[in-house]
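Those sequence lines, one after another, are chains E and L.
Each residue of the first sequence is one higher than the one before, starting from 0 at the first, in numbering that gives the first Met the number 0.
Each residue of the second sequence is one higher than the one before, starting from 0 at the first, in numbering that gives the first Met the number 0.
One structure is given here, and the rest of the page talks about it.
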Amino acid sequence: MEIFQNILNALQFGSFYALIALGYTLVYGVLRLINFAHGDIFMVGAYLAYFVAVTLLGIGGLNLGLHVDPALALAITVPATMILTALVGVTLERTAYRPLRRKGADRLYVVITALMAGLVLENGNLALLGASRKRFPDLIDKVIWNLGGVSVTNLKVVVIVAAIAVFLMLQFIVTRTKIGMAMRGISYDKFAIPLMGIPLDTIIVVTFVLGSAMAGLAGILFAMSYPILEPYMGALIGWKAFIAAVVGGIGDIRGAIVGGFMLGFIEIGVVAVFPSTLRDLFAFSVLLIILWLRPTGIYGVAQTTKI
Amino acid sequence: MNTLLEVKNLKVRYGNIEALHGISFDVKEGEIVTLIGANGAGKSTTLMSICRLPPPEAPRVTEGDILYKGQSLLNMPPHKVVSDLDMALVPEGRRIFGNLTVEENLKLATYARTDGHEHIAQDYERVYQLFPRLAERRKQRSESLSGGEQQMLALGRAIMTKCSFLMLDEPSMGLAPLLMYDMFRTLKELNQGGLTILLIEQNANLALRFAHRGYVLDTGEIVAHGTSEELLADPEVKKAYLGG
Numbered sequence: 000m001e002i003f004q005n006i007l008n009a010l011q012f013g014s015f016y017a018l019i020a021l022g023y024t025l026v027y028g029v030l031r032l033i034n035f036a037h038g039d040i041f042m043v044g045a046y047l048a049y050f051v052a053v054t055l056l057g058i059g060g061l062n063l064g065l066h067v068d069p070a071l072a073l074a075i076t077v078p079a080t081m082i083l084t085a086l087v088g089v090t091l092e093r094t095a096y097r098p099l100r101r102k103g104a105d106r107l108y109v110v111i112t113a114l115m116a117g118l119v120l121e122n123g124n125l126a127l128l129g130a131s132r133k134r135f136p137d138l139i140d141k142v143i144w145n146l147g148g149v150s151v152t153n154l155k156v157v158v159i160v161a162a163i164a165v166f167l168m169l170q171f172i173v174t175r176t177k178i179g180m181a182m183r184g185i186s187y188d189k190f191a192i193p194l195m196g197i198p199l200d201t202i203i204v205v206t207f208v209l210g211s212a213m214a215g216l217a218g219i220l221f222a223m224s225y226p227i228l229e230p231y232m233g234a235l236i237g238w239k240a241f242i243a244a245v246v247g248g249i250g251d252i253r254g255a256i257v258g259g260f261m262l263g264f265i266e267i268g269v270v271a272v273f274p275s276t277l278r279d280l281f282a283f284s285v286l287l288i289i290l291w292l293r294p295t296g297i298y299g300v301a302q303t304t305k306i
Numbered sequence: 000m001n002t003l004l005e006v007k008n009l010k011v012r013y014g015n016i017e018a019l020h021g022i023s024f025d026v027k028e029g030e031i032v033t034l035i036g037a038n039g040a041g042k043s044t045t046l047m048s049i050c051r052l053p054p055p056e057a058p059r060v061t062e063g064d065i066l067y068k069g070q071s072l073l074n075m076p077p078h079k080v081v082s083d084l085d086m087a088l089v090p091e092g093r094r095i096f097g098n099l100t101v102e103e104n105l106k107l108a109t110y111a112r113t114d115g116h117e118h119i120a121q122d123y124e125r126v127y128q129l130f131p132r133l134a135e136r137r138k139q140r141s142e143s144l145s146g147g148e149q150q151m152l153a154l155g156r157a158i159m160t161k162c163s164f165l166m167l168d169e170p171s172m173g174l175a176p177l178l179m180y181d182m183f184r185t186l187k188e189l190n191q192g193g194l195t196i197l198l199i200e201q202n203a204n205l206a207l208r209f210a211h212r213g214y215v216l217d218t219g220e221i222v223a224h225g226t227s228e229e230l231l232a233d234p235e236v237k238k239a240y241l242g243g
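Right, dumping it as structure tokens:
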């Protein structure tokens with residue numbers, strides 16, 4: 000039965016990676032920009048979820064004298080966190096990336112800006128809230144089902160279902176809607192987008208809204224699963240999600256979900272056999288080998304040069 | 000006839016280099032007007048200035064004005080020029096979205112249209128009627144099209160944005176003569192249906208035979224203009240642009 004337990008855990012971890020990887024891949028797919036601040040947007044999402052939740056429960060945050068029922072608090076916290084995190088992502092785009100785009104800066108400088116923006120978010124959080132960790136309040140009662148020796152918690156099920164639902168929704172948007180077509184069009188030829196009567200900046204903002212909202216959702220689900228928050232929580236998981244996106248084929252939504260789940264399975268698989276200290280070494284080595292065999296990732300296609 | 004587009008004493012810079020030294024010309028409703036001139040004369044720059052393409056690609060207007068139906072375009076964002084004024088540009092090199100299918104390219108061009116499904120459906124029909132090849136290749140990724148088909152798609156896309164004023168930058172480039180004549184015949188048809196056309200061409204002979212009027216652009220200045228017949232008969236123009 001241990002194998003089923005491991006599969007479930009791998010799916011849960013994979014879901015977090017996939018949710019974050021989707022944000023990397025969306026922004027890359029549109030702007031050919033690796034938004035290295037995205038892992039820290041996830042961290043900001045977890046903190047925003049924390050502040051919304053404790054404010055609603057009346058145990059911290061803004062003292063509004065509220066004492067909302069935990070179930071209702073959860074129902075409000077999820078959309079509120081997604082909206083607030085999306086705003087953070089859009090602000091980042093406006094203040095950091097858009098000015099560089101306007102000036103026609105080389106991509107290298109935009110990537111460096113993204114790395115710096117991530118560090119600003121981490122250290123801004125540290126300066127603002129101090130080094131002490133925050134404990135995320137319990138919003139749902141943990142239910143554990145025992146299915147033939149495999150312990151399934153309601154939270155794990157929610158996390159996995161959320162990742163798959165988000166993937167299906169984004170895949171629909173990107174492949175079936177005009178906004179999605181515009182997103183794909185930008186990646187091919189930014190110049191021609193306004194000639195179709197399409198406001199370029201609006202499409203870019205939508206991209207950041209989608210990516211950041213999903214990072215916010217990942218943030219709240221992660222905080223509920225592992226309720227200790229600290230400013231650097233987004234750094235390593237962000238890197239891993241980025242690598243998952245690259246292995247899956249960055250720029251392709253399917254790649255993010257496959258890469259994310261694959262990383263989850265590799266990590267849990269390594270720990271099942273070897274000491275857990277070898278987890279990251281093995282996981283990253285396996286991913287390196289995959290990239291060595293297929294540099295564009297699983298779903299990626301080599302970018303053709305344009306005239 | 001009403002003047003649709005009026006370019007007045009336009010001066011344009013790329014960085015420190017002035018590319019247009021104060022050019023003036025106009026296009027009236029229902030006309031086909033062509034700008035001819037050698038490579039680097041400023042033809043594409045003129046079109047890019049009219050379309051207000053976003054910096055850093057776009058040239059910077061330092062003096063003069065561009066009026067469309069009397070309204071200045073200088074402070075208008077580029078997508079509004081297309082969506083609100085019904086102007087369209089088929090750019091040099093076509094710039095179709097190669098990673099999208101033919102159908103998706105056309106659909107994307109309707110993004111900002113608000114005139115309802117019926118009109119849009121009519122335009123799809125028109126495009127597929129003008130270019131049956133596009134209908135055959137609807138589901139195909141557009142980068143797999145031939146050069147001629149890509150040019151059809153670029154023109155089809157312009158039609159799908161609902162345009163009453165069409166600008167074309169070197170549509171004959173890279174096309175075999177037969178396809179080129181087909182393309183110009185189609186443009187003539189569209190013009191007879193009420194579309195106003197501003198055409199940029201290096202192939203001056205072809206352009207003047209097709210257009211009603213023409214302007215000759217030389218290193219950022221207009222050096223001659225007149226009806227096509229006048230320009231075709233002008234000895235100077237003949238010598239410089241029509242191969243003797």
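All C-beta atoms in this analysis are idealised placements derived from N, C-alpha and C, irrespective of residue type, glycine included.
Note that this is a predicted model, so its numbers are computed, not measured.
What three-state label does DSSP hand residue i in the structure shown?
{"i": "S141 (chain L)", "result": "helix"}
{"i": "M47 (chain L)", "result": "helix"}
{"i": "R12 (chain L)", "result": "strand"}
{"i": "Q149 (chain L)", "result": "helix"}
{"i": "R293 (chain E)", "result": "coil"}
{"i": "I95 (chain L)", "result": "coil"}
{"i": "F24 (chain L)", "result": "strand"}
{"i": "H116 (chain L)", "result": "helix"}
{"i": "T176 (chain E)", "result": "coil"}
{"i": "L73 (chain L)", "result": "coil"}
{"i": "I236 (chain E)", "result": "helix"}
{"i": "D83 (chain L)", "result": "coil"}
{"i": "D68 (chain E)", "result": "coil"}
{"i": "F135 (chain E)", "result": "coil"}
{"i": "T140 (chain E)", "result": "Per the sequence presented here, residue 140 (chain E) reads as Asp, with Thr not at that position. Coil at D140 (chain E), not helix or strand."}
{"i": "L194 (chain E)", "result": "helix"}
{"i": "T109 (chain L)", "result": "coil"}
{"i": "I221 (chain L)", "result": "strand"}
{"i": "A40 (chain L)", "result": "coil"}
{"i": "S171 (chain L)", "result": "coil"}
Ordered along the chain, which non-local residues of its own chain (more than five positions away) have a Cβ less than 6 Å from that of residue i?
{"i": "D39 (chain E)", "result": "G117, L120, E121 and G233"}
{"i": "Y13 (chain L)", "result": "P58"}
{"i": "Q149 (chain L)", "result": "R93 and I95"}
{"i": "G299 (chain E)", "result": "G248"}
{"i": "S211 (chain E)", "result": "I40, T84, A85 and G88"}
At a CB-CB cut-off below 7 Å, which residues of chain E make contact with residue i?
{"i": "S82 (chain L)", "result": "G196"}
{"i": "G97 (chain L)", "result": "Y187"}
{"i": "T195 (chain L)", "result": "By Cβ distance, chain E contributes nothing, its closest Cβ being about 17 Å from T195 (chain L), past 7 Å."}
{"i": "E103 (chain L)", "result": "M180"}
{"i": "L88 (chain L)", "result": "L194"}
Considering only residues of the same chain and omitting the five flanking positions on each side of residue i, which have a CB-CB separation below 7 Å?
{"i": "A36 (chain E)", "result": "L91, A113, A116, G117 and L120"}
{"i": "L228 (chain E)", "result": "A45, Y46, Y49, R132, K133, F135 and A222"}
{"i": "R125 (chain L)", "result": "I158"}
{"i": "P294 (chain E)", "result": "none"}
{"i": "L152 (chain L)", "result": "I95, V101, N104, L133, S141 and L144"}
{"i": "S224 (chain E)", "result": "L154 and V158"}
{"i": "G60 (chain E)", "result": "F50, V53 and T54"}
{"i": "A181 (chain E)", "result": "I192, I197 and I202"}
Hey, would you say residue i sits closer than 8 Å to residue j, going by beta carbons?
{"i": "F41 (chain E)", "j": "I192 (chain E)", "result": "no"}
{"i": "T41 (chain L)", "j": "L174 (chain L)", "result": "It is worth fixing the name first, because residue 41 (chain L) is Gly in this sequence and not Thr. No, Cβ-Cβ distance for G41 (chain L) and L174 (chain L) is not below 8 Å."}
{"i": "A18 (chain L)", "j": "T2 (chain L)", "result": "no"}
{"i": "I49 (chain L)", "j": "M166 (chain L)", "result": "yes"}
{"i": "M86 (chain L)", "j": "F209 (chain L)", "result": "no"}
{"i": "G63 (chain L)", "j": "N8 (chain L)", "result": "yes"}
{"i": "L99 (chain L)", "j": "G184 (chain E)", "result": "yes"}
{"i": "H211 (chain L)", "j": "I35 (chain L)", "result": "no"}
{"i": "S14 (chain E)", "j": "A126 (chain E)", "result": "no"}
{"i": "V109 (chain E)", "j": "L32 (chain E)", "result": "yes"}
Given residue i, which residues of its chain have a CB within under 8 Å of its CB, disregarding the five upstream and five downstream residues?
{"i": "S308 (chain E)", "result": "The requested residue 308 (chain E) is not part of the displayed model; chain E covers only 0 to 306."}
{"i": "G29 (chain L)", "result": "M0, N190, G193 and T195"}
Going along chain E, which residues have a C-beta under 8 Å from residue i?
{"i": "R94 (chain L)", "result": "D188, F190, A191 and L194"}
Which residues of chain L have a Cβ atom closer than 7 Å to the Cβ of residue i, listed in chain order?
{"i": "G184 (chain E)", "result": "F96, L99 and L107"}
{"i": "A95 (chain E)", "result": "Here the premise fails: no neighbours, minimum Cβ distance about 18 Å."}
{"i": "A234 (chain E)", "result": "The premise fails here: A234 (chain E) is roughly 33 Å from chain L at the closest Cβ pair, so nothing lies under 7 Å."}
Applying a beta-carbon distance threshold of less than 9 Å, which residues of chain E neighbour residue i?
{"i": "H78 (chain L)", "result": "I192, P193, L194, M195, G196, I197, P198, L199 and T201"}
{"i": "T160 (chain L)", "result": "L194, M195 and G196"}
Any residues in the stretch 109-143 of chain L with a beta carbon nearer than 9 Å to a beta carbon of chain E? Which ones, in chain order?
Identification of residues in the stretch 109-143 of chain L having a C-beta nearer than 9 Å to some C-beta of chain E yields T109, Y110, A111, R112 and E142, given in sequence order.
Residues in the stretch 160-179 of chain E with C-beta within 8 Å of chain L's C-beta atoms, listed in sequence order?
Listed by position, the residues of the stretch 160-179 of chain E near chain L (Cβ gap below 8 Å) are K177.
Listed from N- to C-terminal order along the chain, which residues in the stretch 2-20 of chain L have their beta-carbon within a distance smaller than 7 Å of any beta-carbon of chain E?
If the cut-off is 7 Å between Cβ atoms, the stretch 2-20 of chain L has nothing near chain E.
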